[in-house]
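Numbering (the numbering used here), first residue to last: 2 to 308.
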């Protein structure tokens with residue numbers, strides 16, 4: 002599959018977490034610039050809120066506010082290669098620890114909901130999705146460097162800040178999404194290039210995989226050196242995952258087959274569906290600081306809440 006891409010904006014720091022809004026604009030975070038921003042239909046970009054650390058993923062909640070995963074500055078951003086694209090590096094001079102925030106889209110007011118679980122600071126919250134009951138799943142990405150690895154996890158939380166449940170431990174969870182029937186939660190495992198499928202058995206509860214240590218069932222693991230980033234689900238249940246190094250979108254069918262859609266960016270981190278038929282696709286081409294728009298051949302899954 003080849004997409005006809007339209008460049009909607011450029012000159013961004015490291016965009017992520019796009020959300021299609023009801024008025025045709027796109028909400029997104031800029032991890033490098035530490036902002037929640039809005040891309041208008043005329044191509045202008047405006048800052049909604051400053052979020053120190055590393056705002057990483059966004060979803061609209063049942064109250065119409067934006068809920069933002071913040072990785073706490075777990076990455077620094079450095080130029081790479083002859084074209085000096087912007088890439089994240091495991092250098093953390095200003096790392097704050099992870100958190101989850103609520104942002105009032107009218108006023109830009111930022112409220113912290115969570116920054117720890119059972120007395121331990123969250124590592125680096127990354128991606129987020131709401132279910133129809135108004136609760137949200139989010140991933141807390143682990144940390145890996147030359148000397149050690151800290152596993153991350155999948156969590157379930159409430160917007161009142163009272164409920165936070167750890168559903169599973171996963172080496173480096175990144176993207177998260179729900180199946181059309183709401184009975185399965187999908188998580189991409191970055192450095193393994195693997196997509197997990199976990200059966201939801203209750204709020205914040207998932208059925209573990211068949212082998213001890215498996216958080217769920219493996220949909221597929223990509224060959225070679227391909228990392229997986231954030232994800233969105235199609236209306237028919239296919240899972241589209243931003244793919245790093247082999248820049249593009251990998252489409253996972255639930256029988257384990259995959260299709261790679263090339264995007265001209267080594268760090269194609271995320272995408273979102275929108276438009277009346279849910280076939281408009283916005284793509285964050287993060288290392289080149291761009292957002293593209295394209296037409297997808299199939300409709301994306303409508304999210305539980307929009308604004």
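We put the beta carbon where it would ideally sit given N, CA and C, even for glycine.
In this text the structure is predicted, and so the values were computed from the model without any measurement.
I'd like to know whether the C-beta atoms of residue 238 and residue 180 end up nearer to each other than 9 Å.
yes
Hey, out of 50, 137, 99 and 294, whose CA is closest to residue 163's CA?
137
Could you give the distance in angstroms between the alpha-carbon of residue 93 and the alpha-carbon of residue 153?
17 Å
C-alpha gap between residue 208 and residue 126, whole angstroms:
22 Å
Cutoff 7 Å; reference residue 4; Cβ partners in own chain excluding five residues on either side:
262 and 295
What does the Cβ neighbour count give for residue 226, buried or exposed, with the cut at 16 atoms within 10 Å?
exposed
So, residue 216 versus residue 155, is the Cβ gap smaller than 9 Å?
yes
Thinking C-beta only, is residue 150 closer than 9 Å to residue 72?
no
Output yes or no for whether 9 Å exceeds the beta carbon distance between residue 290 and residue 14.
yes
Below 8 Å on the Cβ atoms is my guess for residue 198 versus residue 220; work out the distance and round it to an integer in Å.
5 Å
For residue 142, three-class secondary structure by DSSP
coil
Which residue's Cα is closest to the Cα of residue 231: 278, 174 and 218?
174
Straight-line Cα distance separating residue 214 from residue 308:
39 Å
Residue 205 to residue 161, Cα distance in whole Å?
15 Å
Under a Cβ-count criterion, where at least 16 other Cβ atoms within 10 Å of its own Cβ denotes burial, should residue 284 be classed as buried or exposed?
buried
Ignore the nearest five residues each way along the sequence and tell me which others in residue 243's own chain have a CB closer than 6 Å to its CB.
230, 231, 269, 270 and 271
Best match in 187, 91, 6 and 81 for proximity to residue 131 [C-alpha to C-alpha]
187
According to DSSP, is residue 269 part of a helix, a strand, or is it coil?
strand
Please list the segments of the beta strand (DSSP E) lying wholly inside the stretch 77 to 133, counting only runs of 3 or more residues, in order along the chain.
77 to 81, 86 to 90, 100 to 104, 111 to 115 and 126 to 131
Please state if the CB of residue 37 and the CB of residue 69 are separated by a distance shorter than 9 Å.
yes
Tell me the residue span of the beta strand (DSSP E) that contains residue 37.
36 to 40
Out of 292, 297 and 265, point me to the one whose CA is closest to residue 280's CA.
297
Chain-order list of residues whose beta-carbon lies under 7 Å from that of residue 255 (same chain, five-residue window excluded)
220 and 238
Residue 2 burial status per 10 Å Cβ neighbour count (16 or more: buried)
exposed
Residue from 26, 61, 75 and 6 whose Cα sits closest to the Cα of residue 306
61
Along the chain, where does the beta strand (DSSP E) containing residue 195 start, and where does it finish?
195 to 203
Have a look at residue 139 and residue 293 and give me their C-alpha separation to the nearest angstrom.
25 Å
Would a C-beta distance cut-off of 9 Å place residue 30 and residue 57 closer than the cut-off?
yes
Pairwise C-alpha distance: residue 286 and residue 35
17 Å
Compute the Euclidean distance between the alpha carbons of residue 52 and residue 107, then round it to the nearest angstrom.
16 Å
Going by alpha carbons, who is nearest to residue 54 out of 101, 257, 172 and 301?
101
Keeping to the same chain, check which residues put their C-beta closer than 6 Å to that of residue 391; ignore five residues upstream and five downstream.
Because the chain spans 2 through 308 in this model, residue 391 falls outside it and cannot be assessed.
Alpha carbon to alpha carbon, how far is residue 22 from residue 42? Give it in angstroms, no decimals.
10 Å
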